[in-house]
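Inspection log for the structure reproduced underneath, given as structure tokens.
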Amino acid sequence: MRISFSACKQAQPLQVNIPGGLNMDQFILGRCRKDKVVIVMGATGTGKSRLSIDLATRFDAEIVNSDKMQVYKGLNIITNKVTEEECRGVPHHLLGIVEPDADFAAVDFVNHASTAVDSITRSGRVPIIAGGSNSYIKALVNDDMEFKSKYECCFLWVDVWMPVLHSFVSERVDKMVDASLIDEAREFFDPEGNYSCGIKRAIGVSELDEFFRNESFLDYDKRASILEDATDKIKANTCKLACHQLQNILRLRNQSEWHINYLNATEAFLKRGLESIEAWERLVARPATRVVDRFLCEDDVNFMSAIALPPPIYQIM
């Protein structure tokens, strides 16, 4: 089902110039009407890309990546970039656009993301910003005054209970290893051990340093042991990242004025096959679709949804 954003737009008022360069069609009931942006947040592995693509296929939308490592070229497996098949024809922006050794800071993201969002809205489509780098989102939405003046945001938080997410992340790393993660990381092995810049910071590169240094000198059993240790480090560091991202989302929710719509995907991760697909649709995709539909059709900037808040156990220590 595709929902047309244009069906929600009101008839355009008469163009009347107003001092300051604005015109009457930018005002409704005495305030400036802003374009609308959907932002999908969540820890690594929770299904942000999946939800953003689900929404983009139901609305006339395009996706802007806000993952710090996925902006770089290369390491498609390690950074878990969406494949062409997974994109389902949805245009993606800021995905694999930066050279691997370049420095790409929050200010660079703000500049690139603002350009992409402007282009999407000018084409009459809805921008969906999705990714786990919450510092990028904060820099764009909270700190960039031009963006704040032009756009109204709807925040969606996809969450999975941490013990369940950690189990899923562990399985995902094993699948990545089977899908040539080792060969991919080998291209970025640094004999000087410098993994502090560019895409080399991605989890899955530095953890394999010892393995790459010694693989040609060791027998099969010893190589296998070092590789197992490296894989365990990748899993542990990915789980740490997920916990850190969760804490950042909670801080943003508590410290900002954002109204963040909560979506609990845990049941979909616990189930398998068709039951998992059904749970995802019922608990995540369908509620998110209702929220976004109301957001796009609603004139009130104080839009609020009926999605439940996260459980009280989520407290920052």
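The numbering of the sequence shown is the working numbering, which starts it at 3 and goes up by one.
Every residue, glycine too, gets a C-beta built ideally from N, C-alpha and C.
For residue i, which residues of its own chain have a beta-carbon under 6 angstroms away from its beta-carbon, when the five flanking residues on both sides are left out?
i	result
Val-42	Lys-50, Leu-53, Ser-54, Ala-132, Leu-158
Arg-255	Ile-262
Tyr-74	Val-100, Pro-102, Ile-201
So what's residue i in DSSP terms, helix, strand or just coil?
i	result
Phe-190	coil
Phe-176	Just to set this straight, residue 176 is Asp in the shown sequence, not Phe. It is helical.
Met-43	strand
His-94	strand
Asn-266	strand
Asn-67	strand
Tyr-74	strand
Asp-302	Confidence at Asp-302 is low in this model, with a pLDDT of 48, below 50, so its placement is unreliable and the value that follows should be read with caution. If DSSP states are grouped into helix, strand and coil, Asp-302 belongs with coil.
Asp-145	coil
Ala-310	Low confidence applies to Ala-310: its pLDDT is 48, below 50, so where it sits in the model is not reliable, and the reading given next is rough at best. Note: Ala-310 maps to coil in three-state DSSP.
Asp-37	strand
Val-207	coil
Val-84	coil
Out of the options, point me to the one whose CA is closest to residue i's CA.
i	options	result
Ser-169	Asp-103, Glu-86, Gly-47, Ser-68	Gly-47
Cys-241	Tyr-264, Leu-220, Asn-196, Gly-206	Gly-206
Gln-247	Asp-161, Asp-145, Asp-211	Asp-161
Ser-172	Ile-201, Glu-209, Asp-145, Lys-235	Lys-235
Gln-249	Gly-195, Gly-134, Glu-148	Gly-134
Cys-245	Trp-163, Asp-185, Phe-61	Trp-163
Arg-188	Asp-176, Val-175, Glu-209	Glu-209
Glu-88	Leu-183, Ile-65, Arg-215	Ile-65
Leu-243	Ala-58, Phe-61, Lys-70	Lys-70
Ile-130	Glu-300, Leu-96, Phe-106, Ala-232	Leu-96
Leu-77	Ile-228, Glu-217, Arg-225, Asp-185	Asp-185
Please go through the same chain and pick out, in chain order, the residues whose beta-carbon is closer than 7 angstroms to the beta-carbon of residue i, but skip the five residues on each side of it.
i	result
Ala-270	Ser-278, Ala-281, Trp-282, Leu-285, Val-286
Ala-108	Ser-137, Tyr-138, Ala-141
Asp-37	Thr-123, Lys-152, Tyr-153
Gly-44	Lys-50, Gly-134, Trp-159, Val-160, Asp-161
Would you kindly report the start and end of the unbroken alpha helix (DSSP H) that includes residue i?
i	result
Glu-277	275-282
Leu-1	Here the chain has residues from 3 to 319 only, and residue 1 is not among them.
His-114	108-124
Starting from residue i, trace the beta strand (DSSP E) in both directions and tell me its first and last residue.
i	result
Asn-250	Unbroken run through Asn-250 is the alpha helix (DSSP H), 222-257; no beta strand (DSSP E).
Ile-130	128-132
Phe-157	153-161
Near residue i, which residues of its chain fall below 8 angstroms by C-beta distance, leaving aside the five closest residues on each side in sequence?
i	result
Cys-155	Lys-38, Val-39, Val-40, Ile-41, Val-143, Trp-260
Asp-192	Lys-202, Asp-211
Say whether chain B places a C-beta atom closer than 7 angstroms to the C-beta of residue i.
i	result
Met-71	Chain labels in this structure do not include chain B; a single protein chain is all it has.
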